[in-house]
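Worksheet: one structure, shown below.
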């Protein structure tokens with residue numbers, strides 16, 4: 018197993034979990050209304066959906082790994098999703114983060130369904146799977162290694178966002194501080210995108 022690849026993967030995941038996305042924003046807004054315990058079912062659903070998305074993309078990448086064109090296309094699809102998230106970070110309206118917009122407690126089904134509409138997640142999953150399956154063991158072994166690492170990191174992050182939500186929500190939704198925070202996050206994602214673009218797709 019490639020130690021450098023693990024460090025690179027953890028770096029990408031670190032940027033991913035520190036920059037707010039649909040999962041993290043929902044976790045801290047939801048816990049702000051219904052309390053941290055209310056996020057147990059929501060996060061469980063997020064984990065289930067996340068594993069489904071990662072496993073599906075991982076299996077697709079594993080089948081196409083010897084197809085140079087397909088791997089290149091997959092890499093740049095991930096880059097396109099990432100570019101959309103960068104633009105979204107710069108354009109997000111803090112007023113839309115008001116927790117009262119959540120009208121009822123969210124559960125497992127919502128957590129699962131959210132993953133299939135999460136552009137940020139698709140960007141990171143496509144890029145990670147197309148880049149790290151082979152360095153982390155190849156085939157099913159590589160896929161399961163990536164899933165175990167990413168799921169552990171993301172679960173810890175969602176729990177962290179849940180318990181910090183009540184403190185951070187006012188900062189993120191502030192009309193002055195909010196836009197600045199999201200622009201910083203957008204800049205981090207942009208720099209990550211530049212680095213991944215310069216690296217190019219990982220080809221067999």
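Numbering (the numbering used here), first residue to last: 18 to 221. Positions of the beta carbon are idealized from the N, C-alpha and C atoms, including for glycine.
Residue i - containing alpha helix (DSSP H), residue span
i: residue 126; result: 125-133
i: residue 41; result: 39-51
i: residue 56; result: 56-81
i: residue 104; result: 85-108
i: residue 196; result: 194-216
i: residue 22; result: 20-35
i: residue 150; result: That residue, residue 150, is in no alpha helix (DSSP H); it is neither H nor E in DSSP.
Cut-off 8 Å between Cβ atoms - residues of its own chain near residue i, not counting five sequence neighbours on either side
i: residue 144; result: 29, 92, 95, 96, 99 and 213
i: residue 66; result: 128, 129, 130, 131, 132 and 133
i: residue 107; result: 199, 200 and 203
Supposed close pair residue i, residue j - CB separation, criterion 8 Å
i: residue 38; j: residue 137; result: 4 Å
i: residue 160; j: residue 150; result: 6 Å
i: residue 179; j: residue 45; result: 6 Å
i: residue 36; j: residue 206; result: 6 Å
i: residue 59; j: residue 123; result: 5 Å
Exposure of residue i, with buried meaning 16 or more beta-carbon neighbours within 10 Å
i: residue 22; result: buried
i: residue 141; result: buried
i: residue 82; result: buried
i: residue 71; result: buried
Interface flag, residue i vs chain D, CB-CB below 7 Å
i: residue 195; result: No chain D appears in this structure, which consists of one protein chain only.
Own chain partners of residue i with C-beta closer than 6 Å, once the 5 adjacent residues on each side are dropped
i: residue 109; result: 199
Residues near residue i in its chain [Cβ-Cβ closer than 7 Å; skip 5 each side]
i: residue 56; result: 44, 47, 48 and 179
i: residue 34; result: 170, 171 and 174
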